[in-house]
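> Quick one: the structure is below, questions incoming.
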DNA sequence: TATGAAAGAGTGGGGCT
DNA sequence: AGCCCCACTCTTTCATA
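Residue numbers (the numbering used here), protein chains in the order written: chain A, 1 to 154; chain B, 155 to 308.
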């Protein structure tokens with residue numbers, strides 16, 4: 001386990017970048033009252049230590065023609081490790097899949113998808129999920145709205 | 155509905171930035187065989203049109219001291235619009251909440267949280283969720299692993 | 001470790017095709 | 001639209017404390 005050694009400045013950097021990932025190093029340095037080089041070193045260190053994992057763009061799925069989002073709950077018939085991992089891989093590799101949660105409890109996977117319409121949703125369930133023999137059943141919930149929370153620094 | 159008018163080049167830009175959000179404009183232009191200014195204009199247009207919503211950093215919650223993630227399913231007693239929205243707002247504003255799905259179906263909300271330990275998880279459920287009278291019940295599932303899918307362009 | 005300054009790299013606007 | 005050029009800004013390295 002990475003025992004993160006984070007001081008106040010590191011946390012401020014993380015908070016600032018969480019709010020605006022596209023902040024320039026210069027602006028970030030000014031905002032925190034650091035020299036630009038110092039700030040750059042800090043940020044690089046946070047990346048190197050894996051505390052900042054990566055930077056991602058968020059696309060508007062609806063604008064791209066995939067206005068329907070859903071969570072598909074997947075329950076398995078049995079839970080041998082190998083089969084579970086194989087299914088996990090298959091789910092992640094399925095087109096239109098945004099994220100896959102492998103969970104403990106009533107369900108085994110929660111699959112978040114964005115699709116063109118209800119037909120495409122059905123096709124994913126039938127052709128990419130229930131085709132696997134290890135899948136006992138699925139239950140689909142339409143996503144009305146997805147909002148981000150305050151995050152881990154909140 | 156934003157009827158997005160996207161040509162081949164736009165899609166290539168989106169694919170490239172989905173893979174590496176921190177690609178410089180210069181590198182992106184070279185990769186696609188465009189002039190740098192042309193490429194910059196394209197990217198700006200995609201942002202202005204909202205197709206690229208924003209850029210975000212992903213933090214390692216575990217490294218920050220929040221190694222336990224869970225999905226809390228929330229079911230409501232009744233569904234008057236006003237109360238539902240108020241609860242949505244409250245959930246999003248709760249510390250340690252990463253995302254909140256408002257869904258249609260068996261559950262009403264799926265709340266994705268990252269916490270320090272089981273005690274903190276219990277505290278969220280008891281102090282931030284079941285305190286709301288409109289909440290009939292919750293069911294918590296531990297997240298073993300969360301993986302990204304191929305996304306909307308997959 | 002943090003800093004300032006200078007070299008190097010990247011960005012974005014104007015005029016043109 | 002797209003492209004080239006150029007002035008500008010930002011990043012990064014390095015010597016120094």
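Ideal placement from N, C-alpha and C gives every residue a C-beta, glycine not left out.
Between the beta-carbon of residue 205(B) and the beta-carbon of residue 158(B), is there less than 8 Å?
Yes, they are a contact pair.
> Taking a Cβ distance cut-off of 8 Å, strictly less, list which residues of the stretch 79-105 of chain A are near chain B, in chain order.
Taking 8 Å as the Cβ-Cβ cut-off against chain B, the residues of the stretch 79-105 of chain A that qualify are 88, 91, 92, 93, 94, 95, 96, 97, 98, 99, 100, 101, 102, 103, 104 and 105.
> Establish whether the CB of residue 275(B) and some CB of chain A are separated by less than 8 Å.
No, residue 275(B) does not count as interfacial toward chain A.
> Going along the chain, which residues of its own chain have a beta-carbon closer than 7 Å to the beta-carbon of residue 193(B), five neighbours each way excluded?
Closer than 7 Å at the Cβ level, and outside the excluded window around residue 193(B), lie 179, 182, 183 and 186.
> Using the C-alpha atoms, what's the distance from residue 100(A) back to residue 14(A)?
Spanning the two alpha carbons is a distance of roughly 26 Å.
> Within 10 angstroms of the Cβ of residue 299(B), are there 16 or more other Cβ atoms? Answer buried if so, exposed if not.
Classification for residue 299(B): exposed.
> Quick one: is residue 2(A) near chain B, going by C-beta distance under 8 Å?
Reliability fails at residue 2(A), whose pLDDT of 46 lies under 50, so the model's placement of it is uncertain and the value that follows must be treated cautiously. By this cut-off, residue 2(A) is an interface position.
> Please report the Cβ distance between residue 252(B) and residue 149(A), rounded to the nearest whole angstrom; I am assuming they are in contact, meaning their Cβ atoms lie under 8 Å.
Going by Cβ atoms, the distance from residue 252(B) to residue 149(A) rounds to 5 Å, so yes, they are a contact pair.
> Assign residue 280(B) to one of three DSSP states: helix, strand, or coil.
The answer is helix: DSSP assigns residue 280(B) an H, G or I state.
> Quick one: any contact between the stretch 54-66 of chain A and the stretch 209-220 of chain B, if contact means 3 or more CB pairs under 8 Å?
The answer is yes - the stretch 209-220 of chain B touches the stretch 54-66 of chain A, with three or more Cβ pairs under 8 Å.
> If residue 230(B) and residue 288(B) are in contact, beta carbons under 8 Å, what's the gap, nearest whole angstrom?
So it is a contact: roughly 5 Å between Cβ atoms.
> Mind checking if residue 124(A) is an interface residue toward chain B, Cβ cutoff 8 Å exclusive?
Judged by the 8 Å Cβ criterion, residue 124(A) is not in contact with chain B.
> Residues of chain B with a CB under 8 Å from the CB of residue 58(A): which are they?
Those are 206, 207, 208, 209 and 210, listed as they occur along chain B.
> Closer than 9 Å by beta-carbon distance: list the chain A residues that pair up with residue 215(B), in chain order.
Result: 151 and 152.
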